[in-house]
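All residue numbers for the sequence shown refer to this note's numbering, where the first residue is 2 and numbers rise by one.
Quick notes on the structure that follows.
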Amino acid sequence: MPKFGPIPLGFWREALACSKTRSICEAEREINKMMLIDKFKDRIIQYALLMRFHRPIGIMLLSWPTLWSLWIASEGNPQPLVAIVFLSGIVVMRSAGCIINDFADRKFDPHVERTRSRPIAMGKVSPAEALFLFVLLCAIAFGLVLMLNLLTILLSFVAVVLAASYPFMKRFTYLPQMHLGVAFGWAAPMAFAAQTNTIPPLAWLLTTVIVLWVVAHDTIYAMVDRPDDIRIGVKSTAILFGDKDRIIIAGIQVAVIMVFLIIGQIAGLGAYYYLGIAVAAALGLYQQRLMGTRQPQQYFRAFLNNNWFGAAIFAGIYLHYCCGLD
Numbered sequence: 002m003p004k005f006g007p008i009p010l011g012f013w014r015e016a017l018a019c020s021k022t023r024s025i026c027e028a029e030r031e032i033n034k035m036m037l038i039d040k041f042k043d044r045i046i047q048y049a050l051l052m053r054f055h056r057p058i059g060i061m062l063l064s065w066p067t068l069w070s071l072w073i074a075s076e077g078n079p080q081p082l083v084a085i086v087f088l089s090g091i092v093v094m095r096s097a098g099c100i101i102n103d104f105a106d107r108k109f110d111p112h113v114e115r116t117r118s119r120p121i122a123m124g125k126v127s128p129a130e131a132l133f134l135f136v137l138l139c140a141i142a143f144g145l146v147l148m149l150n151l152l153t154i155l156l157s158f159v160a161v162v163l164a165a166s167y168p169f170m171k172r173f174t175y176l177p178q179m180h181l182g183v184a185f186g187w188a189a190p191m192a193f194a195a196q197t198n199t200i201p202p203l204a205w206l207l208t209t210v211i212v213l214w215v216v217a218h219d220t221i222y223a224m225v226d227r228p229d230d231i232r233i234g235v236k237s238t239a240i241l242f243g244d245k246d247r248i249i250i251a252g253i254q255v256a257v258i259m260v261f262l263i264i265g266q267i268a269g270l271g272a273y274y275y276l277g278i279a280v281a282a283a284l285g286l287y288q289q290r291l292m293g294t295r296q297p298q299q300y301f302r303a304f305l306n307n308n309w310f311g312a313a314i315f316a317g318i319y320l321h322y323c324c325g326l327d
């Protein structure tokens with residue numbers, strides 16, 4: 002048996018040092034991995050905030066005009082593919098619209114109480130990142146619309162231009178809400194094009210009522226920010242209407258109800274539809290009551306209430322085609 006002498010103390014010190022070094026390296030790798038995961042999670046959260054996933058009201062307000070148009074264009078039986086493309090497109094394009102809006106307002110948002118915590122305004126998302134996300138979402142939306150017919154594809158180019166240009170309108174005109182209304186209202190001709198490959202006069206009548214409705218509810222929304230907008234030089238219908246805002250909005254709301262009545266006559270809609278209109282009219286009166294307080298919080302409540310206005314109209318359309326009560 003060979004005999005071994007005692008192992009030198011230096012050997013144990015070196016082995017211990019290597020073990021410590023290996024443990025430190027593994028710990029550093031684990032920390033770096035966790036930091037990378039946390040950074041990735043933070044980016045996802047910031048992008049979600051940028052796209053307003055925490056505030057789905059915008060998706061709902063865009064959904065109702067699209068659903069009105071799809072159901073009337075298809076007489077209550079939209080093609081599944083068309084419905085999927087349009088509903089997916091709502092989420093994608095609304096997200097893209099929020100991004101380009103914050104990009105356009107990146108120098109204004111830090112000076113407005115309601116918007117100063119937005120990701121771009123706080124420097125948590127760079128303008129370059131925002132533009133990349135906007136282009137990516139537009140590409141996804143275009144990929145969706147490619148599943149539909151040529152007429153719908155051609156109309157989609159106009160839709161993108163309208164969505165991308167809206168945020169910049171408030172620098173040049175007191176009517177950016179009308180521009181937004183046209184962007185929302187473009188869902189009507191696109192829905193008819195996708196369902197019937199034509200754009201009848203009824204589609205443009207639906208566009209008209211959507212434009213009016215959006216001007217009304219987005220003016221209410223702009224009333225919340227009116228003091229800040231005046232201070233920083235941003236234009237809106239809320240500023241244009243001034244002290245006559247409630248009266249003018251009431252007039253627009255009456256026009257909305259009147260156009261819906263005409264649409265009902267042309268489309269041959271029945272009692273359920275008119276019941277939906279009656280509920281919507283009552284909600285319009287409620288919104289006027291909220292605005293009468295002249296408090297920003299109540300303006301915002303009136304704006305949010307338009308979700309139920311849109312739902313009431315769609316419920317009437319849906320029940321007409323579903324239940325067939327004339």
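Each residue gets a CB set at the ideal place from its N, CA and C atoms; glycine is no exception.
Residue environment, residue i, which counts as buried when at least 16 other CB atoms sit within 10 Å
| i | result |
| --- | --- |
| F193 | buried |
| M191 | buried |
| F87 | buried |
| L155 | exposed |
| T294 | exposed |
| D244 | exposed |
| N102 | buried |
| I121 | buried |
| W13 | Bear in mind that the predicted position of W13 carries a pLDDT of just 49, short of 50, making it unreliable; the figure below should be weighed with that in mind. Exposed, by the Cβ-count rule. |
| S127 | exposed |
| P66 | buried |
| G317 | buried |
| T238 | buried |
| D43 | exposed |
| C323 | exposed |
| G182 | buried |
| H328 | The displayed coordinates of the chain run from 2 to 327. Any statement about residue 328 would go beyond what the structure contains. |
| D39 | exposed |
| K171 | buried |
| Q80 | exposed |
| I45 | exposed |
| V92 | buried |
| L137 | exposed |
| L37 | exposed |
| V146 | buried |
| R117 | exposed |
| A142 | buried |
| I85 | exposed |
| Q288 | buried |
| F242 | buried |
| L68 | buried |
| I32 | exposed |
| F173 | exposed |
| I248 | exposed |
Nearest neighbour of residue i, chosen from the options [CA to CA]
| i | options | result |
| --- | --- | --- |
| G269 | P297, L203 and Y167 | L203 |
| G144 | L71, V183 and G90 | G90 |
| D226 | I211, E114, F41 and N102 | E114 |
| N306 | K34, I58, F41 and L51 | I58 |
| N150 | T197, L163, F109 and I314 | T197 |
| H321 | Y275, I38 and A140 | Y275 |
| Y222 | D39, F304, S118 and G311 | F304 |
| L82 | W214, R247 and M148 | M148 |
| C139 | R107, M94 and A129 | M94 |
| Y175 | L68, D219 and Q298 | D219 |
| S70 | L132, F133 and A195 | A195 |
| Q47 | I73, L68, M123 and E76 | M123 |
| S157 | F133, F173, A131 and G186 | G186 |
| I73 | F41, M292 and Q266 | Q266 |
| S96 | S64, A281, M224 and I32 | S64 |
| D110 | L51, L152 and F242 | L51 |
| L291 | A131, A256 and M224 | M224 |
| L134 | G77, I60 and A49 | A49 |
| T209 | A256, A281 and I250 | A256 |
| A283 | L132, G77 and W309 | W309 |
beta-carbon residue i near the ligand SAH non-hydrogen atom, thresh 7 Å
| i | result |
| --- | --- |
| Q288 | The ligand SAH is absent from the structure shown, which contains no ligands of any kind. |
Anticipated Cβ contact below 8 Å, residue i with residue j, distance rounded
| i | j | result |
| --- | --- | --- |
| I278 | I258 | 6 Å |
| Q178 | V235 | That belief does not hold up - the Cβ atoms of Q178 and V235 are roughly 12 Å apart, past 8 Å. |
| L311 | L62 | According to the sequence as given, residue 311 is Gly; it is not Leu. So it is a contact: roughly 7 Å between Cβ atoms. |
| F261 | I200 | Rounded, the Cβ-Cβ distance is 20 Å, inconsistent with contact. |
| I264 | L206 | 6 Å |
| R30 | C99 | The Cβ separation is near 38 Å, so there is no contact. |
Any chain B beta carbon closer than 8 Å to residue i
| i | result |
| --- | --- |
| E76 | The structure shown has no chain B; it contains just one protein chain. |
- Query: Is it a yes or a no for the stretch 228-240 touching the stretch 154-168, going by three-plus beta-carbon pairs under 8 Å?
  - Reply: no
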